[in-house]
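S.K.:
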Amino acid sequence: MSFDSGLVIGYRSQPSKNSVTIWVEKNEAAETSEELAEEDNELYPVDARDAVYSNNFWARFVGQRISNITILKRSYNSALYADIANEIGLLFEVEDGSRFIASHGLHDDSDDFSVIKESQIDNEIRNQIQGL
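Per my numbering, the sequence shown runs over residues 140 to 271.
#1: Under the three-state reduction of DSSP, which class applies to E164: helix, strand or coil?
#2: Which residue's Cα is closest to the Cα of R151: L219, L271, K256, E226?
#3: Give the straight-line distance between the Cα atoms of S249 and H243, rounded to the nearest whole angstrom.
#4: Excluding the five sequence neighbours on either side, which residues of its own chain have a C-beta within less than 8 Å of the C-beta of S155, listed in chain order?
#5: Spatial neighbours of S158 within its chain, please: C-beta separation below 8 Å, excluding the five flanking residues on both sides.
Laid out in structure tokens, this is it:
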């Protein structure tokens, strides 16, 4: 995610923590992290305004200020998840009230990272999320 200041933030799933993690790819002084996502051959950046790989929902976020970020946690009835973070999403809200989620498997209960609309959260998972 790129900001007008030059700041670039990266995020991805971290299965060992059952969570989404976030880091600074490039700061405002143009200093970069050691491993840049843009240099990863398995990742393909998509511009939110791309006519082929995006749509109007995502284009509406371009140029908007982020007004709130909420960490979404999932509650489990299993001891396997008791000692890990379970921060399964970052809910971004922008100044016009539009929202999207950087998600750790919220759409299909997997370890896959995705950026989704709230409506794409699996209904069974929705009831286990704190922060929505």
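All C-beta atoms in this analysis are idealised placements derived from N, C-alpha and C, irrespective of residue type, glycine included. Please read all numbers here as calculations on a predicted model, not as lab measurements.
M.R.: The structure says:
#1: Locating residue 164 in the sequence shown gives position 25, counting from the first residue. In the structure shown, E164 adopts extended strand secondary structure according to DSSP, grouped into three states.
#2: Translated into the one-based positions of the sequence shown, residue 151 becomes position 12. Comparing alpha carbon positions, the residue from L219, L271, K256, E226 closest to R151 is E226.
#3: For the purposes of this step, residue 249 is identified with residue 110 of the sequence shown, where counting begins at 1. For the purposes of this step, residue 243 is identified with residue 104 of the sequence shown, where counting begins at 1. Taking the straight line joining both Cα atoms gives about 7 Å.
#4: Position 16 of the sequence shown, counting from 1, holds the residue named residue 155. Hits under 8 Å: I223.
#5: Looking up residue 158 in the sequence shown gives position 19. Within the same chain, Cβ atoms closer than 8 Å to the Cβ of S158 are found at S152, I223, A224, N225, E226, I227, H243, the five residues on either side in sequence being excluded.
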